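Undergrad: First the structure, which I've put down as structure tokens, then a few questions once you've had a look.
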Amino acid sequence: MDPLRILLLDVSHVTLETSVDMLEYPLGLLYVGTVLKETFGERIELRIESFEYKTTGIARVEALLSEWRPDFLGLRSLTMGRGPLHEVASLARDTYGVPVIVAGGPHASDNPADVLENEAFDAAVVGEGEDTAVELVERLLANGGPGRPELDGIAGLAMRRNGGITLTPRPYIQDLDSLPIPDHSLIDFLEINRGHVDFSFRTNVPHANLFTSRGCPYLCVYCHQVFGKRMRSHSAERILDEVKRLHEGWGITRFQILDDIFNLDRDRAMKFLDLVVREDLDLVLSFPNGLRGDRVDAEMIDAMWEAGVRYISYAIESGSRRIQKLIQKNMNLDRIAEAITRSTAKGIVTKGYFMLGFPTETEEEALQTVAFANETDLVLAMFFSVVYFPGTPLYRMADEVCDMQAYSLGLEDDYVEMRDGPYSFSQQRLKEIKLKAIREFFFSPKRVELAFRVLPEFFNQRDIDASMLVALISSELEESDLEPAVAERLHRYLLVRDRFSTREGFFV
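All the letters of the sequence shown, read from the start, carry residue numbers 366 to 873 under the working numbering.
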């Protein structure tokens, strides 16, 4: 029998057509693919790809389906990629006759009903994918060749039944070290990122990604909950083995750690950082996904610096203590402000993530977020619009405040655009507050000085220039609006910004 042809495809959607072009290799699918190859060997042929849906549409996917002709297509996406997720599935089934198509990832886990409304999908993987994928492929191989086998009874797989959905939950993998180290030879991971911006906002930098833990005990209402509410983690030694394999096999020295909360287990985090120093690997590490900032202390910052950490994103979300409680983030704002000060003073590029437009949020509370950002020693910041994704507690919270059926959700919208929502002021005022945030944060003398001093610790000049131009265009400021010392520092950016992009509206 010919090998079963498997295509695992990560589908993303970015609506900022003329700004960042961000594409990362799909580490989650690489975990799944590695387990499948280890389990089935030559009985399968496997291909893993990333696809970013932009103005080019799905021509690249059509070429891939035509060339590869998979027997099984696994699609992974966030909810923001819902549109192209459905489009690719329908294309694969209707035009190329792919026999079995399954969705996985955050959107499928949070909203399997949406996935299964599309008849092109046979099932949706809910939760972790490795064990479910193995059982599914076993079923396909037992079927004796291409075709649609019975998939009933596979834990972790949601399916249509009698006008509804059936799902037997699959227990989480408790011992993550039992999983094989992702086999990066299965994917052209360096080529996928070529010419694109990585999660740490560097362009065209060879790097690898690490996902060292799963699950988070915090109850933030806006989060997808794919991995459960208890942290499970790889050991420090196992993480180092993965780093050394990538370092020795591909020459990788730059790593992004993508955990939700890498530093929840402080002892494990400190042990890994110490091992990196002991091995003398001369790495550059970044945390683009957000450490838990109020659990970062002076000793940890010193250890991170010694291990090569040069970039940290602190996910703060709101400067309002009431909103912190409402969204169950419960961030200790005093502690994270101290962690930011210490990190920046050490020379680490610190970036704050903030969200505007939570349910019942007042104008005063939104302005508290702007004020908090301005008062910190953050080097960079992003002010996002809250997006209410179905399947999250945030959506249910919003539905109690207003009729979410009438709310124009815009699932394919990004976090940058301002939209109407269940906050207690107008959309126009929200836009004004965001513009105020960008202007006051990026163009104070303090922030400009920090940017020119600290950004070169991590970014090359091209990326620094891009960051400055993006902030300047988003601010809509003229040179005369700036303080003289700031205008002088930014003069060369003011000269060229009109040629950088013609896009109207916010970038950041």
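Ideal Cβ positions, reconstructed from N, Cα and C, are used throughout, including at glycine. If you're wondering where the values come from, they're calculated on a predicted model, not measured in any experiment.
Decide if A878 is buried, meaning its Cβ has at least 16 other Cβ atoms within 10 Å, or exposed.
TA: Outside the shown range of the chain (366 to 873) lies residue 878, about which nothing can therefore be said.
Undergrad: Is G439 helix, strand or coil by DSSP?
TA: In the sequence shown, residue 439 corresponds to position 74, counting from 1. Strand, per DSSP.
Undergrad: I'd like to check one pair, N574 with L388: are the Cβ atoms closer than 7 Å?
TA: As a working note, residue 388 is residue 23 in the sequence shown. As a working note, residue 574 is residue 209 in the sequence shown. No, Cβ-Cβ distance for L388 and N574 is not below 7 Å.
Undergrad: Are there three or more Cβ pairs, one per stretch, closer than 8 Å when the segment 484-503 is compared with the segment 515-531?
TA: Contact holds: three or more Cβ-Cβ distances are below 8 Å.
Undergrad: Which same chain residues, not among the five before or five after Y858, have their C-beta less than 8 Å away from its C-beta?
TA: For the purposes of this step, residue 858 is identified with residue 493 of the sequence shown, where counting begins at 1. So the list reads D830, M833, L834 and L837, once near-sequence residues are dropped.
Undergrad: So L623 and Y396 are in contact, right, with Cβ under 8 Å, and what is the actual spacing, rounded?
TA: Taking the sequence shown and counting its residues from 1, one reaches residue 623 at position 258. Taking the sequence shown and counting its residues from 1, one reaches residue 396 at position 31. That pair is no contact at about 12 Å.
Undergrad: Using a Cβ-Cβ cutoff of less than 8 Å, which residues in the same chain neighbour G712 once the five nearest sequence positions on both sides are dropped?
TA: Against the sequence shown, residue 712 aligns to sequence position 347. If we look at G712 and ignore the five residues flanking it on each side, its Cβ neighbours are W670, R675, V819 and E822.
Undergrad: In chain order, what residues of the same chain have a beta carbon less than 8 Å from the beta carbon of F817, not counting five sequence neighbours either side?
TA: As a working note, residue 817 is residue 452 in the sequence shown. So the qualifying residues of the chain are R854.
Undergrad: Closer than 6 Å by C-beta to R864: which residues in its own chain qualify, once you throw out the five before and the five after it? Chain order, please.
TA: Locating residue 864 in the sequence shown gives position 499, where the first residue counts as 1. Here the set comprises nothing.
Undergrad: Could I get the ranges of all uninterrupted alpha helix (DSSP H) runs contained in the segment 579-619, with 4 residues as the minimum, in chain order?
TA: Entirely contained in the segment 579-619, the alpha helix (DSSP H) runs reaching 4 residues are, in chain order, 601-615.
Undergrad: According to DSSP, is R408 helix, strand or coil?
TA: The residue you call residue 408 lines up with position 43 of the sequence shown. R408 falls in the helix class under three-state DSSP.
Undergrad: Per DSSP, what kind of secondary structure is A457 in: helix, strand or coil?
TA: Within the sequence shown, residue 457 is the residue found at index 92, counting from 1. Note: A457 maps to helix in three-state DSSP.
Undergrad: Measure the alpha-carbon distance for F723 versus I688 and round it to whole angstroms.
TA: Locating residue 723 in the sequence shown gives position 358, where the first residue counts as 1. Locating residue 688 in the sequence shown gives position 323, where the first residue counts as 1. Between F723 and I688, the C-alpha separation is close to 8 Å.
Undergrad: Taking the DSSP output, what are the residues bridged to D553?
TA: Mapped onto the sequence shown, residue 553 falls at position 188. Looking at the DSSP assignment, D553 forms no beta bridge with any residue, so it has no partner.
Undergrad: Contact defined as beta carbons within less than 8 Å: I believe A680 pairs with A738. What is the distance between those atoms, to the nearest angstrom?
TA: As a position in the sequence shown, residue 680 is number 315, starting the count at 1. As a position in the sequence shown, residue 738 is number 373, starting the count at 1. Actually they are not in contact, since the Cβ atoms of A680 and A738 sit about 13 Å apart, beyond 8 Å.
Undergrad: For the alpha helix (DSSP H) containing N574, name the first residue and the last one.
TA: On the sequence shown, residue 574 is found 209 positions in, with the first residue counted as 1. First-last for N574: A573 to L575, but that is the beta strand (DSSP E), not the alpha helix (DSSP H).
Undergrad: Quick check: what's the CA-CA separation for C767 versus P787?
TA: Indexing the sequence shown from 1 puts residue 767 at position 402. Indexing the sequence shown from 1 puts residue 787 at position 422. Rounded to whole angstroms, C767 to P787 spans 6 Å at the Cα level.
Undergrad: CB T741 to CB I692, shorter than 7 Å?
TA: Stepping through the sequence shown from its first residue, residue 741 is reached at position 376. Stepping through the sequence shown from its first residue, residue 692 is reached at position 327. Against a cut-off of 7 Å, the Cβ pair of I692 and T741 comes out as no contact.
Undergrad: How far does the beta strand (DSSP E) with F719 in it reach, from first residue to last?
TA: Here residue 719 is taken as the residue at index 354 of the sequence shown, counted from 1. Unbroken beta strand (DSSP E) run through F719: V714 to L721.
Undergrad: Under a Cβ-count criterion, where at least 16 other Cβ atoms within 10 Å of its own Cβ denotes burial, should M445 be classed as buried or exposed?
TA: As a working note, residue 445 is residue 80 in the sequence shown. Burial call: buried.
Undergrad: How would you write the range of the beta strand (DSSP E) that R559 sits in, first residue to last?
TA: Along the sequence shown, read from residue 1 onward, the residue named residue 559 stands at position 194. Careful: R559 lies outside any beta strand (DSSP E) and carries neither H nor E.
Undergrad: Take the Cβ of R441 as the centre, count every other Cβ of all protein chains shown within 10 Å, and call the residue buried at 16 or more, exposed below.
TA: In the sequence shown, counting from the first residue as 1, residue 441 sits at position 76. So R441 ends up on the buried side.
Undergrad: For F652, list the residues DSSP reports as bridge partners.
TA: As a first step, residue 652 is located in the sequence shown; it is residue number 287 there, counting from the start. Paired residues: I677.
Undergrad: Considering just the uninterrupted stretch of the alpha helix (DSSP H) at I688, what are its terminal residues?
TA: Your numbering for residue 688 matches position 323 in the sequence shown. Here the alpha helix (DSSP H) through I688 covers R686 to L691.
Undergrad: Identify the residues that DSSP records as bridge partners of S635: which are they?
TA: By 1-based counting over the sequence shown, the position of residue 635 is 270. As written in the sequence, residue 635 is Met, which differs from the Ser given in the question. Per DSSP, none; premise fails for M635.
Undergrad: Any idea if E515 is buried or exposed, counting beta-carbon neighbours within 10 angstroms, 16 or more meaning buried?
TA: Indexing the sequence shown from 1 puts residue 515 at position 150. The residue in question, E515, is exposed, as its Cβ has fewer than 16 Cβ neighbours within 10 Å.
Undergrad: Taking the runs of the alpha helix (DSSP H) that are 4 residues or longer, which of them lie wholly in the segment 488-532?
TA: Listed in chain order, the complete alpha helix (DSSP H) runs (minimum 4 residues) inside the segment 488-532 are 495-507.
Undergrad: For a test of the three-state rule: what should DSSP assign to M878, helix, strand or coil?
TA: Residue coverage of the chain in this structure runs from 366 to 873, which leaves residue 878 outside it and unanswerable.
Undergrad: According to DSSP, is F806 part of a helix, a strand, or is it coil?
TA: As a position in the sequence shown, residue 806 is number 441, starting the count at 1. Reduced to three states, the DSSP call for F806 is helix.
Undergrad: Taking the CB atoms as reference points, tell me whether T399 and V499 lie closer together than 7 Å.
TA: Your numbering for residue 399 matches position 34 in the sequence shown. Your numbering for residue 499 matches position 134 in the sequence shown. No; because the gap between Cβ atoms is not below 7 Å, this pair is not in contact.
Undergrad: Using a C-beta cutoff of 7 Å, does L388 count as contacting chain D?
TA: Within the model displayed, chain D is absent; a lone protein chain is all it includes.
Undergrad: For R707, tell me which candidate among Q733, V744, F627 and V851 has the shortest Cα-Cα distance.
TA: The residue given as residue 707 occupies position 342 in the sequence shown. Ranking Q733, V744, F627 and V851 by Cα distance to R707 puts V744 first.
Undergrad: Distance check for F627 and F576, CA to CA, integer angstroms please.
TA: Within the sequence shown, residue 576 is the residue found at index 211, counting from 1. Within the sequence shown, residue 627 is the residue found at index 262, counting from 1. Using only the alpha carbons, I get a separation of about 9 Å.
Undergrad: With the cut-off set at 7 Å, would you say G439 and V480 are in Cβ contact?
TA: In the sequence shown, residue 439 corresponds to position 74, counting from 1. In the sequence shown, residue 480 corresponds to position 115, counting from 1. Not closer than 7 Å, so no.
Undergrad: Name the DSSP beta bridge partners of I622, please?
TA: Counting from one through the sequence shown, the residue named residue 622 turns up at place 257. L575.
Undergrad: Should I413 and L373 be called a contact, given that it needs their Cβ atoms to be closer than 7 Å?
TA: Here residue 413 refers to the residue found at position 48 of the sequence shown. Here residue 373 refers to the residue found at position 8 of the sequence shown. Contact: yes.
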